[in-house]
Each structure stands twice: as structure tokens, then as C-alpha cells.
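Residue numbers (this note's numbering): 8 to 475.
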């Protein structure tokens with residue numbers, strides 16, 4: 008005999024379930040299937056897993072229900088995990104920009120169900136031109152006019168198919184990558200050091216750091232200046248926004264200067280705040296930092312030690328607090344540890360959404376929890392690890408022989424699983440190496456230097472059959 012629970016209590020119970028449990032509940036009977044398929048429940052799961060779902064509609068995502076989107080997107084995200092090396096097509100894209108080619112994805116790959124969408128990159132193809140490339144076909148799809156000054160920095164906003172550049176004259180330009188001329192321009196009086204475009208809850212913006220320690224925020228698409236704040240006495244070396252762009256983390260690499268976290272709304276809504284709301288994190292000599300994926304308020308920092316000084320890690324949580332009639336940021340040290348017994352210091356690091364720290368020395372890939380318990384080690388010899396790409400699904404290791412190892416985070420454990428190796432397809436001279444890795448749902452790109460010859464991009468793209 009079936010027991011029919013009231014609708015509201017049952018929905019409340021279902022709201023605590025994960026996606027796998029909801030799918031199981033939907034198989035019990037017709038009534039449970041209807042409730043467990045509710046858009047209210049599945050939208051919350053989508054927003055928790057993909058923060059951009061706060062700012063898009065089902066029409067943009069190309070689905071009728073949030074459950075459909077969750078199932079499809081999860082399947083598509085794991086396409087690279089299911090693949091084998093022979094499932095990838097390989098293309099080389101020339102880059103004539105000397106020792107450091109600048110390239111970013113400009114396609115909205117992964118934001119829609121349109122499997123005909125292609126992975127497209129935007130890159131500085133010569134020192135004075137911007138271009139876009141379809142990496143599956145290896146063909147150029149657009150090129151800008153020649154610019155009067157060298158293009159120094161590039162960032163993209165794939166959600167809007169927009170690119171932003173800064174040249175050596177500190178001229179900022181916004182491009183739609185269809186028209187050959189820029190759609191908007193603005194200028195700074197100081198040389199730019201950092202450039203980043205993001206989608207905040209107040210809309211799309213550009214963040215720029217200059218050599219004088221100033222942080223600028225410009226509105227997209229007209230590049231109107233929203234705010235300018237002095238953060239440090241000298242140049243801002245690194246800038247990292249939290250997953251939902253609530254916080255901006257800033258580094259100036261100086262032994263006497265500590266890192267800062269700024270509340271984004273206090274930079275965007277100047278009429279509501281008399282001054283930027285920020286806090287200083289008491290962790291010196293920060294070299295790298297990584298926000299915990301799918302968590303808005305947690306960041307882990309690494310201070311790279313030179314023996315005998317050990318490498319240190321510290322994890323902080325941010326919290327907004329009201330003091331009187333003002334808002335303040337309070338930081339809380341959650342965990343910290345030092346690596347005492349390793350001959351080589353880690354050079355790169357990242358964090359999983361389960362608070363697992365992954366870091367690399369030249370000869371090892373190491374996993375720790377945030378308290379310093381070692382969870383896993385992968386040894387490399389004779390290859391050397393040059394760089395890491397870390398996201399909520401994968402870790403990609405680039406080696407000095409031009410190969411790339413793809414790992415996947417286990418769904419129900421804290422560990423990594425080694426999936427496969429993408430071998431370098433051509434013989435490279437000893438001075439060549441991958442200095443940047445790019446990744447979306449169906450492609451992996453290694454930006455290869457080949458000094459003194461022009462550098463190029465090694466693009467691996469999954470066959471169409473594996474995307475569906």
C-alpha cells in the first residue's frame with residue numbers, strides 16, 4: 008500500500024538531496040517523479056555547480072527544464088574523462104608574437120546545448136593584430152585591422168563573445184570579433200600590468216591593475232570608468248576573482264606587503280560605500296592563490312619556500328559583518344601547514360571543490376588536504392612538470408617534452424584518477440616548452456614557445472561523437 012506524503016514536506020526533504028539521489032527518488036512513483044523533476048530543485052543544483060546559472064535563462068542555455076540542462080551539462084563536462092588519446096583531432100595554429108603568445112577562449116562552449124558550437128580562441132596573432140581561430144578546423148575566422156601600437160594584454164568574456172586588449176600606449180579597446188574596428192576605447196595615464204574581464208552580478212566589467220598599484224573597473228560595453236582605487240604602493244602582480252565575483256584577491260609580491268581581499272560591491276556601487284571594503288590576509292610572501300571552486304568565500308594561498316625555508320599553505324574564509332552602520336570584511340584562518348620534507352619546492356598549485364590542494368614540483372604531483380595530510384603522489388621521471396591547469400573536473404599536467412597528462416577528480420573521493428596522455432606530435436628543440444594551458448569542455452590547448460622561431464598552439468579537440 009502506497010503512502011502519500013503531503014507535497015510541501017516532501018519538497019522540503021527533496022531540497023536536501025544531491026542530483027544522484029533526486030534521480031533515484033524520481034523512479035519511485037508518478038507523484039515523486041513530478042516533484043523530483045521540479046525546476047525549483049534542479050535550478051538550485053545548477054546554480055551550486057555552475058555559478059553562471061545565476062545570470063542566464065533556460066532559453067540561452069538551450070533547454071526546456073533545469074533538470075535537462077543539469078544532465079546534459081554533466082555529461083558534456085565529462086567528455087574529456089571518457090575519451091582516449093585517439094579520440095582527439097590535432098591542429099597547430101601559428102602565433103607570430105615572439106616568446107609569449109597571448110590566447111584566450113572566446114567561444115561560449117559549455118554554456119549551451121548547441122553541439123554545433125565550435126571552440127574558438129582569440130589571440131594576438133602578430134604584435135599589432137588580433138584574430139580568432141576555429142581550433143577544430145585550424146582556420147582563422149576573423150582578424151582586426153593593424154593597430155598603431157603593440158598589443159600588450161588580452162582578456163575575453165566568452166559569455167558575450169567579447170575581447171578586451173591593452174596596448175603599449177595604455178589604450179584599452181573592446182572588440183566583438185566580427186567588426187574589424189574596436190567597438191569602444193579608453194585610455195589610462197599609467198602603464199597596465201593586469202587585465203581581466205568578468206561577469207559580475209552588476210553586469211560585465213573589466214578590471215585593470217597598473218604599475219602604480221591602482222585597480223580600475225570599467226563597464227562593458229562602453230568602457231566607462233566605474234571606479235579607481237589605490238591598493239598597493241607599487242604594481243599589482245596578480246588578481247583573482249572569486250567564483251561568483253563577490254571578492255577580488257590582489258597580490259603584490261613584496262616581503263613587507265600582505266595580500267588584500269576587496270568586496271566587489273564596494274567597488275561597483277560607489278554611491279552605497281564611502282570607501283572600498285577590504286581586509287588584509289596575514290600571510291606573507293604569497294606566490295600563488297586559488298579560490299575553492301563552487302565555494303564563494305574560501306581561498307588558499309601558497310608561499311613558495313627556498314630551502315631551508317619550507318613552502319607554506321594557508322586557507323582563509325571571508326565573511327561580511329556589520330559593525331554599527333558599516334559593512335566590514337572579516338577573514339578567518341581555517342587551516343595552514345608547511346612542507347618540511349621535500350627536496351624541491353612546489354611551483355604550481357590549485358584546489359578542488361572538496362578542499363584538496365594539488366601542487367607540483369618538477370618531479371612530482373602532490374595532493375594534500377588543507378591541514379597538510381598527504382593524500383596521493385604521482386612521480387614524473389625523466390619528464391619534468393612545467394605547469395598545472397586545475398578546474399573542478401580536471402587537472403592537466405604539462406611536461407617539458409610537450410606532452411600533457413589529463414587527470415580527473417573522483418566524484419566520491421578526494422583523489423585524482425589518471426586518464427591518459429596527449430603526446431607531443433612533432434619533434435621540438437630543447438629550448439621549446441608549453442608555457443600556458445587552456446581548456447574547455449571538448450578541447451585542450453598548449454601554447455608552445457619555440458624560440459627563436461615563432462611560437463604556436465597545439466590544439467587537441469574531441470571528435471564530435473564524444474560530445475553528445
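Ideal Cβ positions, reconstructed from N, Cα and C, are used throughout, including at glycine.
Because the structure is a prediction, the values reported are computed rather than measured.
Which value, in whole angstroms, describes the spacing of the CA atoms of residue 4 and residue 53?
In the structure displayed, the chain extends from 8 to 475; residue 4 sits before or after that span and is not available.
Could you name each continuous alpha helix (DSSP H) segment of 4 residues or more that falls completely within the segment 256-291, going from the start of the chain to the end?
271-275
Quick check on residue 134: does DSSP put it in helix, strand or coil?
Looking up residue 134 in the chain shown gives position 127. Looking at residue 134 - three-state DSSP - the assignment turns out to be coil, as it is neither helix nor strand.
Short of 7 Å in beta carbon distance, which residues of its chain neighbour residue 113, apart from the five on each side in sequence? Order them along the chain.
For the purposes of this step, residue 113 is identified with residue 106 of the chain shown, where counting begins at 1. Closer than 7 Å at Cβ, skipping near neighbours: 127, 128, 129, 139, 163, 165, 168, 170, 184.
Do the CB positions of residue 143 and residue 175 come within less than 8 Å of each other?
Locating residue 143 in the chain shown gives position 136, counting from the first residue. Locating residue 175 in the chain shown gives position 168, counting from the first residue. It is not a contact, given that the beta carbons lie outside the stated cut-off.
At what residue ranges does the segment 142-196 contain a whole run of the alpha helix (DSSP H), taking only runs of 4 or more?
none
Is residue 59 helix, strand or coil when you go by DSSP?
Against the chain shown, residue 59 aligns to sequence position 52. If DSSP states are grouped into helix, strand and coil, residue 59 belongs with the helices.
Can you look up residue 93 in the DSSP assignment and give me helix, strand or coil?
Stepping through the chain shown from its first residue, residue 93 is reached at position 86. In the structure shown, residue 93 sits in a helix (DSSP, three-state: H, G or I).
I'd like the list of long-range same chain contacts for residue 408, defined as Cβ closer than 7 Å, with 5 residues on each side in sequence excluded.
Numbered from 1 along the chain shown, position 401 holds the residue referred to as residue 408. Once the five neighbours on either side are set aside, the close Cβ partners of residue 408 are 390, 431.
CB contact flag (residue 364, residue 307, <8 Å):
Position 357 of the chain shown holds residue 364. Position 300 of the chain shown holds residue 307. In this structure, residue 307 lies closer than 8 Å to residue 364 by Cβ.
Compute the beta-carbon to beta-carbon distance between residue 192 and residue 230, rounded to the nearest angstrom, for a pair I have assumed lies under 8 Å.
Locating residue 192 in the chain shown gives position 185, where the first residue counts as 1. Locating residue 230 in the chain shown gives position 223, where the first residue counts as 1. 7 Å between Cβ atoms; contact.
Apply the 10 Å Cβ neighbour rule to residue 40 and answer buried if 16 or more other Cβ atoms are within range, or exposed otherwise.
Your numbering for residue 40 matches position 33 in the chain shown. Residue 40 comes out exposed.
Roughly how many whole angstroms lie between the Cα atoms of residue 263 and residue 291?
As a working mapping, residue 263 is identified with position 256 in the chain shown. As a working mapping, residue 291 is identified with position 284 in the chain shown. Rounded to whole angstroms, residue 263 to residue 291 spans 7 Å at the Cα level.
Can you round the beta-carbon distance between residue 190 and residue 203 to whole angstroms, since I take them to be within the 8 Å contact cut?
Numbered from its first residue, the chain shown carries residue 190 at position 183. Numbered from its first residue, the chain shown carries residue 203 at position 196. Rounded, the Cβ-Cβ distance is 19 Å, inconsistent with contact.
What are the partner residues of residue 98, as DSSP defines its beta bridges?
Translated into positions along the chain shown, residue 98 becomes position 91. DSSP, once it has assigned bridges, lists 466 as partnering residue 98.
When the Cα atoms are used, what is the spatial distance from residue 267 to residue 245?
As a working note, residue 267 is residue 260 in the chain shown. As a working note, residue 245 is residue 238 in the chain shown. Approximately 11 Å, taken between the alpha carbons.
Using a Cβ-Cβ cutoff of less than 6 Å, which residues in the same chain neighbour residue 330 once the five nearest sequence positions on both sides are dropped?
As a first step, residue 330 is located in the chain shown; it is residue number 323 there, counting from the start. Here the set comprises nothing.
Hey, how far is the Cα of residue 449 from the Cα of residue 318?
Along the chain shown, read from residue 1 onward, the residue named residue 449 stands at position 442. Along the chain shown, read from residue 1 onward, the residue named residue 318 stands at position 311. Taking the straight line joining both Cα atoms gives about 35 Å.
Ordered along the chain, which non-local residues of its own chain (more than five positions away) have a Cβ less than 6 Å from that of residue 472?
Taking the first residue of the chain shown as position 1, residue 472 is located at position 465. At residue 472, the pLDDT of 48 sits below 50, so the modelled position is not reliable; the number obtained from the coordinates is stated separately. Here the set comprises nothing.
Taking the alpha carbon of residue 358 as the point to measure from, which residue in 312, 326, 302 has its own alpha carbon closest?
Working through the chain shown from its first residue, we reach residue 358 at position 351. It is 302.
Report buried or exposed for residue 210, applying the criterion of at least 16 other Cβ atoms within 10 angstroms of its Cβ.
In the chain shown, residue 210 corresponds to position 203, counting from 1. Counting Cβ neighbours within 10 Å, residue 210 comes out exposed, since fewer than 16 surround it.
To the nearest angstrom, how far is it from the Cα of residue 252 to the Cα of residue 271?
Indexing the chain shown from 1 puts residue 252 at position 245. Indexing the chain shown from 1 puts residue 271 at position 264. One C-alpha to the other measures close to 7 Å.
Backbone secondary structure at residue 84 - three-state DSSP
Stepping through the chain shown from its first residue, residue 84 is reached at position 77. It is helical.
Looking at residue 320 and residue 343, is the spacing between their C-beta atoms short of 8 Å?
Here the question's residue 343 lines up with position 336 in the chain shown. Here the question's residue 320 lines up with position 313 in the chain shown. In this structure, residue 320 lies closer than 8 Å to residue 343 by Cβ.
So, helix, strand or coil for residue 34, using DSSP?
The sequence position of residue 34 within the chain shown is 27, counting from 1. Three-state result, residue 34: coil.
Three-state secondary structure (DSSP) of residue 15:
By 1-based counting over the chain shown, the position of residue 15 is 8. Residue state, collapsed to three classes: helix.
Could you pull the DSSP bridge partners for residue 72 from this structure?
Here the question's residue 72 lines up with position 65 in the chain shown. Its beta-bridge partners do not exist; DSSP assigns none.
At a Cβ threshold of 8 Å, is residue 334 touching chain C?
In the structure shown, chain C does not exist; there is a single protein chain.
For the beta strand (DSSP E) containing residue 433, list its first residue and its last residue.
Position 426 of the chain shown, counting from 1, holds the residue named residue 433. Looking at the DSSP string, residue 433 is not in any beta strand (DSSP E), and its letter there is neither H nor E.
Three-state secondary structure (DSSP) at residue 77?
Residue 77 sits at position 70 when you count from the first residue of the chain shown. If DSSP states are grouped into helix, strand and coil, residue 77 belongs with the helices.
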